[in-house]
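**Student:** Protein chains in written order, with my numbering: chain A, 1 to 79; chain B, 1001 to 1079; chain C, 2001 to 2141; chain D, 3001 to 3141. Glycine included, C-beta positions come from ideal geometry on N, C-alpha and C. Keep in mind it's a predicted model, so treat the numbers as computed, not measured. Let me give you the structure first, and then I'll get to my questions.
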Amino acid sequence: MKILVFGAAREVIGKGEFEWIPIGNELTVGELKHALSLEYPGLKKLKSLSIAVNEEYASEERRLDRDDVIALIPPVSGG
Amino acid sequence: MKILVFGAAREVIGKGEFEWIPIGNELTVGELKHALSLEYPGLKKLKSLSIAVNEEYASEERRLDRDDVIALIPPVSGG
Amino acid sequence: MNPTAHIKLEGNPLDIAELTAAIRSTKNGGECVFIGTVRDNHQGKVVTHLEFEAYEPMAIRELTRIADLASAQFKLAEVLIHHRIGTVYPGEAAIVIVVTAPHRNQLFDACKMIIDQLKETVPIWKKEVYTDGASWVQAHP
Amino acid sequence: MNPTAHIKLEGNPLDIAELTAAIRSTKNGGECVFIGTVRDNHQGKVVTHLEFEAYEPMAIRELTRIADLASAQFKLAEVLIHHRIGTVYPGEAAIVIVVTAPHRNQLFDACKMIIDQLKETVPIWKKEVYTDGASWVQAHP
């Protein structure tokens, strides 16, 4: 599944977009966050990390599909 | 004493400025309003009439001096 | 007058770009502007234009008092209030208020307070001229 | 998108005169504008410029949602939100919000609500670049 990465999170991961192959058949937003933070420990230093699924904020319980567009949203600072 | 007149009040009185000679030695703002409304009954049709003395709103009790600049202030509608 | 208050009764059209830039600065990132534009109708009547009249020295005094009050109460950096006098046509701005502060928190309440108070106490009068007559607007009190 | 919402992420400087005039009309006399200008300092550091980055399609979606919410809640006529992306220098506007309505009562609360919500949820990120380094601002939550 495609994961977009922005702002401070992009600098932690080192790229703005990557493919993620989940282990097993099912994955929730919360499980994805946990798996990513094991692979990229720098993410834990962010003040917060939200996940957007198909351009909307998603809850931790939300189940992900293979063709969802995921985005990692560090704390926003527009305006 | 000099009296300035604005807006709807000016149209009632027919001029923007006139001299008023008070009867007796002392006159309050309330007494002036009463005397003017006898001479110009049209003033009673205004939604309200405030008096400014030397460019500040004055209470009914305020005593007037001969050299005060008086202004008749009908309801304002700036903005 | 408080050096941070910029007050004017203006006979010519108000230049929004100029007025909103006048008190902007790299120290004061937040800016709230109120623009009051003349409408072309009122209670079903077609308004051809407005005639604004002011008791000028007292209006300047009152506007300055209101600006200073808002500055102190809402910790503003600067306040600008320009109000048209004379003939103003539909679509033109009758008033522009600009307030700035380092941060935005209280800007909106400050701008609201200024226009609300202006409409209550500042000696400015508006005559609406219609296609078939005219009348003084008696708004406040 | 609601036809009354004018949303844009803009790579070029924002033209205040153009944006404040864009939704003004002789039907809607009241207009409130918020302008957020880039400051030249932050917590004692000299800011040379900002780099704004957005998740563009989602930012447009969120801004539209906020504009529609404000329109409905505060009975607005129209809403305009233009936000800079890319490099923005001190003194330039990073954001301009314009709201209009026939009357002024709720304009200020509407404008405040829009900027408050924007800063909380819209996926736009600001990197401050100083004379001696840079850092992502982690403002909300």
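Taking beta-carbon pairs under 8 angstroms, can you tell me which members of the region 3093-3123 of chain D lie near chain A?
**Tutor:** Cβ contacts with chain A come from A3094, I3095, I3115, L3118, K3119, E3120, T3121, V3122, P3123.
**Student:** What residues of chain C sit near L1064 of chain B, judged by a beta carbon separation below 9 angstroms?
**Tutor:** Along the second sequence, one-based indexing puts residue 1064 of chain B at 64. Going along chain C, no residue has its Cβ under 9 angstroms from L1064 of chain B, so there is no contact; the nearest lies around 16 angstroms.
**Student:** Out of C:T2100, C:L2107, C:E2062, C:L2014, point me to the one whose CA is closest to G2036 of chain C's CA.
**Tutor:** Residue numbering aside, residue 2036 of chain C sits at position 36 when the third sequence is read from its first letter. Among C:T2100, C:L2107, C:E2062, C:L2014, the Cα nearest to that of G2036 of chain C belongs to C:L2014.
**Student:** Helix, strand or coil: which one does DSSP assign to S1059 of chain B?
**Tutor:** As a first step, residue 1059 of chain B must be located in the second sequence, where it is residue number 59. The answer is coil: DSSP assigns S1059 of chain B none of H, G, I, E or B.
**Student:** Taking the C-alpha atoms as reference points, what is the distance between L1082 of chain B and Y2055 of chain C?
**Tutor:** Here chain B comprises residues numbered 1001 to 1079, so residue 1082 of chain B is not present and cannot be evaluated.
**Student:** Rounded to the nearest angstrom, how far is the Cβ of A3101 of chain D from that of K3119 of chain D, given a contact under 8 angstroms?
**Tutor:** Reading the fourth sequence from its first residue, position 101 is the one you call residue 3101 of chain D. Reading the fourth sequence from its first residue, position 119 is the one you call residue 3119 of chain D. Incorrect: roughly 23 angstroms between the Cβ atoms, too far for contact.
**Student:** Would you check whether the ligand MN has a heavy atom nearer than 8 angstroms to the C-beta of H3140 of chain D?
**Tutor:** Because no ligand of any kind appears in the structure shown, any question about the ligand MN cannot be addressed here.
**Student:** Looking at T2048 of chain C and P2090 of chain C, is the spacing between their C-beta atoms short of 9 angstroms?
**Tutor:** Within the third sequence, numbered from 1, the residue matching residue 2090 of chain C stands at position 90. Within the third sequence, numbered from 1, the residue matching residue 2048 of chain C stands at position 48. In contact: P2090 of chain C and T2048 of chain C (Cβ atoms closer than 9 angstroms).
**Student:** Let's test the definition: count the other Cβ atoms within 10 Å of the Cβ of N3028 of chain D and tell me whether it reaches 16, buried, or not, exposed.
**Tutor:** Counted from its first residue, the fourth sequence places residue 3028 of chain D at position 28. N3028 of chain D comes out buried.
**Student:** In three-state terms, what does DSSP make of L2050 of chain C?
**Tutor:** Here residue 2050 of chain C is taken as the residue at index 50 of the third sequence, counted from 1. Three-state DSSP puts L2050 of chain C in a strand.
**Student:** Using 9 angstroms as the limit for Cβ to Cβ distance, is Q3138 of chain D near chain A?
**Tutor:** Along the fourth sequence, read from residue 1 onward, the residue named residue 3138 of chain D stands at position 138. By this cut-off, Q3138 of chain D is an interface position.
**Student:** Just grab the DSSP bridge partners of Y3130 of chain D for me.
**Tutor:** Your numbering for residue 3130 of chain D matches position 130 in the fourth sequence. Its beta-bridge partners are D:V3047, D:G3133.
**Student:** Quick check: what's the CA-CA separation for G1024 of chain B versus L1032 of chain B?
**Tutor:** For the purposes of this step, residue 1024 of chain B is taken as the residue at position 24 of the second sequence. For the purposes of this step, residue 1032 of chain B is taken as the residue at position 32 of the second sequence. Computed Cα separation, rounded: 12 angstroms.
**Student:** Quick one: what's K3112 of chain D bridged to in DSSP?
**Tutor:** Start at 1 with the first residue of the fourth sequence, and residue 3112 of chain D comes out as number 112. DSSP, once it has assigned bridges, lists no residue as partnering K3112 of chain D.
**Student:** On the criterion of 16 or more Cβ atoms from any shown chain inside 10 Å, does Q3043 of chain D qualify as buried, or is it exposed?
**Tutor:** For the purposes of this step, residue 3043 of chain D is taken as the residue at position 43 of the fourth sequence. Burial call: exposed.
**Student:** Would you kindly check if the distance between the Cβ of E2031 of chain C and the Cβ of V2098 of chain C is under 9 angstroms?
**Tutor:** Looking up residue 2098 of chain C in the third sequence gives position 98. Looking up residue 2031 of chain C in the third sequence gives position 31. Cβ distance < 9 angstroms, so V2098 of chain C and E2031 of chain C count as in contact.
**Student:** Residues bridged to F1018 of chain B by DSSP?
**Tutor:** Your numbering for residue 1018 of chain B matches position 18 in the second sequence. DSSP lists B:I1003 as partners of F1018 of chain B.
**Student:** My understanding is that I3124 of chain D touches F3052 of chain D, with C-beta atoms under 8 angstroms, so please give their C-beta distance in whole angstroms.
**Tutor:** Walking along the fourth sequence from the start, residue 3124 of chain D turns up at place 124. Walking along the fourth sequence from the start, residue 3052 of chain D turns up at place 52. At roughly 6 angstroms, the Cβ-Cβ gap stays under 8 angstroms, so I3124 of chain D and F3052 of chain D are in contact.
**Student:** Measure the alpha-carbon distance for I1070 of chain B versus S1059 of chain B and round it to whole angstroms.
**Tutor:** Translated into the one-based positions of the second sequence, residue 1070 of chain B becomes position 70. Translated into the one-based positions of the second sequence, residue 1059 of chain B becomes position 59. About 12 angstroms.
**Student:** Can you name the residues that DSSP bridges to V3096 of chain D?
**Tutor:** On the fourth sequence, position 96 is the one that residue 3096 of chain D refers to. In DSSP, V3096 of chain D forms a bridge with D:I3035, D:H3082.
**Student:** Classify L2050 of chain C as buried or exposed, calling it buried when 16 or more other Cβ atoms lie within 10 Å of its own Cβ.
**Tutor:** Locating residue 2050 of chain C in the third sequence gives position 50, where the first residue counts as 1. Its Cβ being crowded by 16 or more others within 10 Å, L2050 of chain C is buried.
**Student:** Using 9 angstroms as the limit for Cβ to Cβ distance, is L32 of chain A near chain D?
**Tutor:** Looking up residue 32 of chain A in the first sequence gives position 32. No, its Cβ sits nowhere closer than 9 angstroms to a Cβ of chain D.
**Student:** Measuring straight from C-alpha to C-alpha, what distance separates A3021 of chain D and K2008 of chain C?
**Tutor:** For the purposes of this step, residue 3021 of chain D is taken as residue 21 along the fourth sequence, with counting starting at 1. For the purposes of this step, residue 2008 of chain C is taken as residue 8 along the third sequence, with counting starting at 1. Approximately 22 angstroms between the Cα atoms of the pair.
**Student:** Note down the Cα distance separating L2080 of chain C from A2005 of chain C, rounded to an integer number of angstroms.
**Tutor:** For the purposes of this step, residue 2080 of chain C is taken as the residue at position 80 of the third sequence. For the purposes of this step, residue 2005 of chain C is taken as the residue at position 5 of the third sequence. Their backbone Cα atoms lie some 6 angstroms apart in a straight line.
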